[in-house]
Amino acid sequence: MRIAIASGKGGTGKTTVAVGLATMAARQGLGVHLCDCDVEEPNAHLFLAPTFDSVRPVTVAVPAVDASRCDHCGQCAELCEFNAIACLPDRTVVFPELCHGCGGCWQVCPRAAITPGTRPIGELASGHAGSLAFSRGRLRVGETRVPPLIEAVMGCAREADWVILDAPPGTGCPVVTTLLGADYAVLVTEPTPFGRHDLALALDLTHRLGLPRGVVINRDDGGDNGVVELCADRGVEVLARIPFRRAVAEACAEGGLASEADPAVAAGMQSLLRALRALEVPT
Amino acid sequence: MKLIIASSGPRPADRVDPRFGRAPYLVQYDSADESFTALDNSAQAALAQGAGVQAAQTVVGLGAEAVLTGRCGPKAFRILAESGVTVYAGCTGTVQDAVEAWHDGRLEALTAANARAHH
Numbered sequence: 005m006r007i008a009i010a011s012g013k014g015g016t017g018k019t020t021v022a023v024g025l026a027t028m029a030a031r032q033g034l035g036v037h038l039c040d041c042d043v044e045e046p047n048a049h050l051f052l053a054p055t056f057d058s059v060r061p062v063t064v065a066v067p068a069v070d071a072s073r074c075d076h077c078g079q080c081a082e083l084c085e086f087n088a089i090a091c092l093p094d095r096t097v098v099f100p101e102l103c104h105g106c107g108g109c110w111q112v113c114p115r116a117a118i119t120p121g122t123r124p125i126g127e128l129a130s131g132h133a134g135s136l137a138f139s140r141g142r143l144r145v146g147e148t149r150v151p152p153l154i155e156a157v158m159g160c161a162r163e164a165d166w167v168i169l170d171a172p173p174g175t176g177c178p179v180v181t182t183l184l185g186a187d188y189a190v191l192v193t194e195p196t197p198f199g200r201h202d203l204a205l206a207l208d209l210t211h212r213l214g215l216p217r218g219v220v221i222n223r224d225d226g227g228d229n230g231v232v233e234l235c236a237d238r239g240v241e242v243l244a245r246i247p248f249r250r251a252v253a254e255a256c257a258e259g260g261l262a263s264e265a266d267p268a269v270a271a272g273m274q275s276l277l278r279a280l281r282a283l284e285v286p287t
Numbered sequence: 253m254k255l256i257i258a259s260s261g262p263r264p265a266d267r268v269d270p271r272f273g274r275a276p277y278l279v280q281y282d283s284a285d286e287s288f289t290a291l292d293n294s295a296q297a298a299l300a301q302g303a304g305v306q307a308a309q310t311v312v313g314l315g316a317e318a319v320l321t322g323r324c325g326p327k328a329f330r331i332l333a334e335s336g337v338t339v340y341a342g343c344t345g346t347v348q349d350a351v352e353a354w355h356d357g358r359l360e361a362l363t364a365a366n367a368r369a370h371h
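Protein sequences, first through last, are from chains A and B.
Going by my numbering, the first sequence opens with residue 5, and the numbers climb by one from there.
Going by my numbering, the second sequence opens with residue 253, and the numbers climb by one from there.
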């Protein structure tokens with residue numbers, strides 16, 4: 005089973021839950037691979053101190069123009085929806101940062117003057133923390149092509165009972181890419197008006213993707229009933245409630261696991277683990 | 253000699269647009285007969301990305317020798333500079349004002365892009 009840990013709102017505790025769930029499941033003997041898909045600011049490794057066996061660059065295909073073959077016919081520039089190629093009377097100029105890698109230019113070139121070149125977008129690291137397999141991506145600063153790197157991170161996880169995908173926040177392309185790699189989504193929220201608002205967005209997104217989902221209410225100090233009402237309205241199960249504890253913040257600040265910081269927090273994570281193990285989701 | 257002026261409208265009395273690629277109009281001025289011709293650039297102005305790349309290709313295709321604009325981004329500037337088109341940035345007032353300033357030699361050619369890329 006491939007489980008994405010997502011949320012609409014940032015800072016609700018996705019990584020806390022993903023890392024807690026992954027370590028607990030691994031301890032129960034499940035083969036678990038955790039993917040940190042938040043490649044714009046990966047942080048799961050801070051809590052796991054993993055050993056990386058492999059670190060490699062991830063590249064995307066961009067056009068490489070052989071000036072000696074190019075006759076500036078302009079078909080490539082005309083085809084490119086992203087204006088990544090400018091065809092001038094005496095030269096053809098490529099702007100790799102605009103390229104989305106569709107490959108249309110080297111298909112359409114009548115003189116075979118364009119071949120697929122490469123452009124690095126980030127780094128992929130994979131390894132393990134104890135029996136837990138782990139991979140994470142790190143996007144190059146200033147890079148806008150996020151999904152290919154997330155796909156590379158998810159591609160590392162093959163032979164595992166559970167693949168846990170720690171998703172980026174929001175509901176944009178990076179999140180959609182991560183959710184497309186999942187069989188089930190755990191949406192982590194908090195009992196605040198902001199948490200409710202963004203949970204509604206995440207519920208809309210997972211609904212449109214046809215992805216089964218359940219909700220975890222983190223920092224559940226009982227202050228606001230909004231997310232509970234929303235889940236009831238939408239017929240979405242609350243899988244677990246994790247209490248608000250100062251000890252969790254202290255543990256996280258030191259790179260420790262929330263699930264080990266407080267028994268009530270550990271119990272909340274355990275109930276999530278039980279709920280997920282009880283799911284019958286096709287793999 | 254042909255100039256292209258980034259403009260908010262099609263007429264010489266319209267104001268210079270500070271943006272090059274996303275200017276609603278590119279007005280061509282031909283010094284041979286002092287004529288103005290407007291090109292509708294609204295399709296390019298609405299592009300998600302690469303508006304400057306498109307506009308710069310248009311300018312090169314028209315055989316213009318200079319561009320008068322408020323700003324010019326790095327991709328458009330590279331195309332224009334490599335094609336031998338001089339870019340005069342910081343232009344204000346009307347299209348007519350900008351052309352007069354160019355005639356009088358009051359404009360300074362840009363040596364590097366003066367706007368950041370936005371894609």
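Just so you know, even glycine gets a beta-carbon here, dropped at the ideal spot from N, CA and C.
Bear in mind that the values here come from a model prediction, so they are computed numbers and not experimental data.
Check for me: the alpha helix (DSSP H) holding residue i runs from which residue to which?
i      : result
A/I246 : First-last for A/I246: undefined, no H or E at that position.
A/H37  : Element bounds for A/H37: not the alpha helix (DSSP H) but the beta strand (DSSP E), 36-40.
A/C109 : 108-112
B/G345 : Run containing B/G345: none; DSSP gives neither H nor E here.
Look at residue i and residue j and say whether their C-beta atoms are less than 9 Å apart.
i      : j      : result
A/T122 : A/A65  : yes
B/V305 : A/L102 : yes
A/E258 : A/D224 : no
A/C74  : A/G141 : no
A/L215 : A/A8   : yes
A/V334 : A/A137 : Because chain A in this structure spans residues 5 to 287, residue 334 of chain A falls outside the shown range and cannot be described.
A/V43  : A/L143 : yes
A/V112 : A/V69  : no
Terminal residues of the continuous beta strand (DSSP E) containing residue i?
i      : result
A/P67  : 55-69
B/S259 : 254-259
A/A132 : For clarity, residue 132 of chain A is His in the given sequence; the question names Ala instead. Where A/H132 is concerned, the enclosing beta strand (DSSP E) stretches over 118-133.
B/Q301 : Counting along the chain, B/Q301 falls outside any beta strand (DSSP E), and DSSP gives it neither H nor E.
A/Q32  : Taken as a continuous stretch (DSSP letters only), A/Q32 belongs to no beta strand (DSSP E), as it is neither H nor E.
A/R250 : Taken as a continuous stretch (DSSP letters only), A/R250 belongs to no beta strand (DSSP E), being part of the alpha helix (DSSP H) at 250-257.
B/G322 : B/G322 -> no beta strand (DSSP E), and no H or E assigned at all.
For residue i, would you say it is in contact with chain B, using Cβ-to-Cβ distances shorter than 9 Å as the test?
i      : result
A/A88  : yes
A/L136 : no
A/R149 : no
A/R144 : no
A/L91  : It is Cys, not Leu, that sits at residue 91 of chain A in the sequence shown. Yes, A/C91 counts as interfacial toward chain B.
A/A81  : yes
A/V297 : With chain A covering only 5 through 287, there is no way to say anything about residue 297 of chain A.
A/L102 : yes
A/D225 : no
A/D170 : no
A/D1   : The requested residue 1 of chain A does not occur in the structure, where chain A is confined to residues 5 to 287.
A/D94  : yes
Given that a residue counts as buried once 16 or more other Cβ atoms are within 10 Å of its Cβ, and exposed if not, what is residue i?
i      : result
A/R162 : exposed
B/T344 : exposed
B/M253 : exposed
A/V220 : buried
A/T181 : buried
B/R368 : exposed
B/D285 : exposed
A/N229 : exposed
A/G288 : Nothing about residue 288 of chain A can be read from this structure; chain A reaches only from 5 to 287.
B/T363 : exposed
A/S72  : exposed
Is the CB of residue i under 9 Å away from at least one CB in chain A?
i      : result
B/A365 : no
B/E286 : no
B/S335 : yes
B/K254 : no
B/V319 : no
B/V305 : yes
B/L314 : no
Classify residue i as helix, strand or coil using the three-state DSSP reduction.
i      : result
A/P286 : Only weak support exists for where A/P286 lies, its pLDDT of 49 falling under 50; the coordinates are left without a value.
A/C177 : helix
B/S294 : helix
A/A8   : strand
B/F288 : strand
A/G17  : coil
A/F138 : strand
B/V337 : coil
A/T210 : helix
A/L280 : helix
A/T196 : coil
A/D237 : helix
Report yes or no: is there a C-beta of chain C within less than 9 Å of the C-beta of residue i?
i      : result
A/R140 : Note that chain C does not occur in the displayed structure, where the protein chains are A and B.
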